[in-house]
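So the sequence shown is residues -18 to 310, counted in my numbering.
Ideal Cβ placement from N, Cα and C applies to all residues, glycine included.
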Amino acid sequence: MIDLNTLVAVFVFVIGACIGSFLNVVALRGLSGESIVFPPSKCPKCNNKLNWYTNIPIISYCFLGGKCQFCKEHISIQYPVVEFLNALLWLFCFLEFGYTAKTLFLCILASLFIVIAITDFKESVVIDAHTYIIIALGLLYNAVPFGAPFGEAGILQSILGILAGALFFEAAARTGYLFAGTRAFGEGDTLIAMGIGAFFGWKMLFVIIFMSVILQAVLTLPVLFHKSIKEKAYKSAAAYSMLVLCVVFVYLFRIFDVYTIFPLILILLLMVCIMLLWALCTILKDMKNKKETDNFLYLPFGPALVLAGLLAIFFQSEIVGFIKNMFFL
């Protein structure tokens, strides 16, 4: 006989999938400026109103073979992916935090993160209203006893997190004027950081920011390297390769006994410093030569930031341990 917890878990998954379907509407209509209520769900290609049985999350996509029932045009894989992802996140929140108000808050946070990732990835746009909701929910979350997501965050830490997110990202964004004559980050990234700070507090905010930088590097360095090779900008490609080698060399230090092969450690350290300096100078010089219309400076950072936030919901202690391990703490 199926127990109550299993039934509730299935229910949470189904509701999460339904909310995921709505998230697609919120994200895409937010970009187009349409109302999220009217008109009803329709095919984006032929504009025909969808029947209820062709609008069931995940199932309808599979049943229709990924094509519109009217015009037979392909339906974007984004729809079932977002539905399934949101369903999984809601299920994980329930399994991790149980029958608590914390589960509800974090489910809403995860869904808003998904919407922000969609709009930022597709159009490099972060809709302010979505981040304002996160900030407000973060303040409420930490103002009541069931808050304190990871340790004793509390309302003061939440407020400091908002201020830290604003100050840090605005300061970082303006460094772009020194090197490329434009912001290094969009204003939307500042708002995302403020929302994360509101939920997690200022200390965890900086851990999440650092993790997002790692994720961004992992996701974008291969793209930039491929782009440089394609454009025959071999010097830039070499610079990206040097950044990766610097990380490899730093971790080689762990293999050796520092005291027995100290000269080799010094040589490796010197190589790392020279390679890192050359790589950064090359990349910054390349940034100066790019026009504002080039995608180089506008690879969206929001998706990496919200992905780090999602990971922090479930793996906060592991992330902290990983970063401490990186710095030999």
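Any non-hydrogen atom of the ligand ZN closer than 7 Å to residue i Cβ
i: His55; result: Within the structure as shown, the ligand ZN is missing, as the structure has no ligands at all.
Local conformation of residue i per DSSP, three classes
i: Lys103; result: helix
i: Lys23; result: strand
i: Asn30; result: Correcting the residue type first, residue 30 is Lys in the shown sequence and not Asn. Three-state DSSP puts Lys30 in a strand.
i: Lys213; result: coil
i: Ile190; result: helix
i: Ile177; result: helix
i: Pro38; result: coil
i: Asp170; result: helix
i: Ala82; result: helix
i: Gly132; result: With a pLDDT of 40 at Gly132, under the threshold of 50, the predicted position of this residue should be treated as unreliable, though the coordinate-derived value follows. Coil at Gly132, not helix or strand.
i: Val314; result: The question about residue 314 has no answer, for the chain in this structure spans -18 to 310.
i: Lys272; result: Note that Lys272 scores 45 on pLDDT, short of 50, meaning its location in the model is unreliable; the coordinates nonetheless yield the value given after this. DSSP places Lys272 in coil when its eight states are reduced to three.
i: Thr201; result: helix
i: Tyr240; result: Because the pLDDT of Tyr240 is 48, which lies under 50, any placement of that residue in the model is unreliable, and the number read from its coordinates should be weighed accordingly. Tyr240: coil per DSSP, three-state reduction.
i: Phe277; result: Reliability fails at Phe277, whose pLDDT of 44 lies under 50, so the model's placement of it is uncertain and the value that follows must be treated cautiously. Note: Phe277 maps to helix in three-state DSSP.
i: Ala165; result: coil
Host alpha helix (DSSP H) of residue i (start-end)
i: Ser281; result: First, the amino acid is wrong: residue 281 is Pro here, not Ser. From DSSP, Pro281 is part of no alpha helix (DSSP H); its letter is neither H nor E.
i: Asp109; result: Asp109 to Ala124
i: Thr(-13); result: Leu(-15) to Ser13
Whole-Å CB distance - residue i paired with residue j, under 8 Å assumed
i: Lys30; j: Cys52; result: Actually they are not in contact, since the Cβ atoms of Lys30 and Cys52 sit about 13 Å apart, beyond 8 Å.
i: Thr100; j: Leu172; result: The Cβ separation is near 12 Å, so there is no contact.
i: Gly146; j: Leu186; result: 6 Å
i: Asn5; j: Tyr60; result: 5 Å
i: Ile300; j: Val194; result: 13 Å between Cβ atoms; not a contact.
i: Gly176; j: Ser105; result: Incorrect: roughly 18 Å between the Cβ atoms, too far for contact.
i: Phe75; j: Ala(-10); result: 6 Å
i: Phe191; j: Ala174; result: Contact doesn't hold; Cβ gap of about 12 Å is too wide.
i: Ala91; j: Gly1; result: At roughly 10 Å, the Cβ-Cβ gap does not stay under 8 Å, so Ala91 and Gly1 are not in contact.
i: Lys48; j: Ile37; result: At roughly 15 Å, the Cβ-Cβ gap does not stay under 8 Å, so Lys48 and Ile37 are not in contact.
i: Tyr122; j: Phe180; result: 6 Å
In DSSP terms, what residue i is bridged to
i: Lys48; result: His55
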